[in-house]
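For this note's numbering, count along the sequence shown from 1 and bump the result up by 1198.
Right, one structure below, let's go through it.
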Amino acid sequence: LKLIDRPVDVLELGRQMPSIHAALLSAVCDKLAKILDEKKATDVKILKVSEKTVIADYFVIASADSTTHTKALADEAEYRLGEENEKVYSKEGTDSANWILLDLGDVIVHIFDERSREFFKLEKLWCEAEDVPFDKKED
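Rendered as structure tokens:
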């Protein structure tokens, strides 16, 4: 988003207007889930964790077939977010690529290889979080 020929961090702008903030976060999560789904991630989920923790409002969780696939998914998500001036504040786990985390502030993206996802079981840990639907790509 550009205002007055200057890029604006959409999530930061939203924080200043709480009524808009929730809608922006939901849209970012939906966009991320669709990006991951388009790039063949499996079992993509959006969890609303805002009522359960202060670390984030949403988690977007996905599985990949391999560590190469986890890296490709994370890179694509970061690239596509950057195209819209949405900032990834931190990117962790790229060395081993078993679990890559993208921190957007109020949204945290977890991209696992299948074995790591089964081991860490984030959905079980956050089982009381709201599962947010998104429109998956038709094959």
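Note that beta-carbon positions come from the ideal geometry of N, C-alpha and C, so glycine has one too.
DSSP places V1226 in the helix class (H, G or I) of the three-state scheme. Spanning the alpha carbons of S1248 and V1286 requires a straight line of approximately 19 Å. DSSP links T1240 through a beta bridge to S1261. Collapsing the DSSP output to three states places E1282 in coil. Distances from the alpha-carbon of E1282 to those of A1221, K1229 and H1219 put K1229 closest.
According to the DSSP assignment, E1290 belongs to no alpha helix (DSSP H) but to the beta strand (DSSP E) extending over S1288 to E1290.
Remark: three or more beta-carbon pairs, one from each stretch, lie closer than 8 Å, so the stretch 1284-1298 and the stretch 1306-1317 are flagged as touching.
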